[in-house]
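Asker: The structure is given below, and queries will be raised subsequently.
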Amino acid sequence: MRTARRSWAMRALLSVLIFVLSLCVAHAETGIAAFYGGGRTASGEVSGPNGLTAAHRTLPFGTKVLVTNMRNGRTVVVRIIDRGPYGRGRVIDVSRAAARELDMIGSGTTSVSIVRQ
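Numbering (mature numbering (1 follows the signal peptide of the UniProt record, and there is no 0)) for the sequence shown: -28 to -1, 1 to 89.
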């Protein structure tokens, strides 16, 4: 009986440890970014072109991510406030201000890496 309890307790402890460690691992993706204008967002916020914000399909609202333009190395930290993008191959849509920081206004899209902060 005692061995069974210890075994169960060890499995429970191991499960909790694995769960906590999985939360600590940085979320990283690569793909295409585009930029979009302001308006009402899925989070309920009204997005303007001057905020450093973005849309992502799955990251929780309020999450900050470091976006790196793979073509020129420029970076910006944005806050997720919307859902999307829904275009093929795109991983994030950033605000116009973030696009300026990434120097991607002229091209409209660029290859990026995103890392959860």
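Virtual Cβ for every residue (Gly too), placed ideally from N, Cα, C.
Are the segment 63 to 78 and the segment 5 to 24 touching, with three or more C-beta to C-beta distances below 8 Å?
Answerer: yes
Asker: When the Cα atoms are used, what is the spatial distance from residue 55 to residue 29?
Answerer: Rounded to the nearest angstrom, the two C-alpha atoms are 5 Å apart.
Asker: Roughly how many angstroms lie between the CA atoms of residue 63 and residue -22, to the nearest whole one?
Answerer: 42 Å
Asker: If you compare alpha carbons, which of 26, 2 and 11 is closest to residue 42?
Answerer: With distances taken between Cα atoms, residue 42 lies closest to 2.
Asker: Spatial neighbours of residue 61 within its chain, please: C-beta separation below 7 Å, excluding the five flanking residues on both sides.
Answerer: Once the five neighbours on either side are set aside, the close Cβ partners of residue 61 are 3 and 4.
Asker: Taking the beta carbon of residue -20 as the centre, do at least 16 other beta carbons fall within 10 Å, making it buried, or is it exposed?
Answerer: exposed
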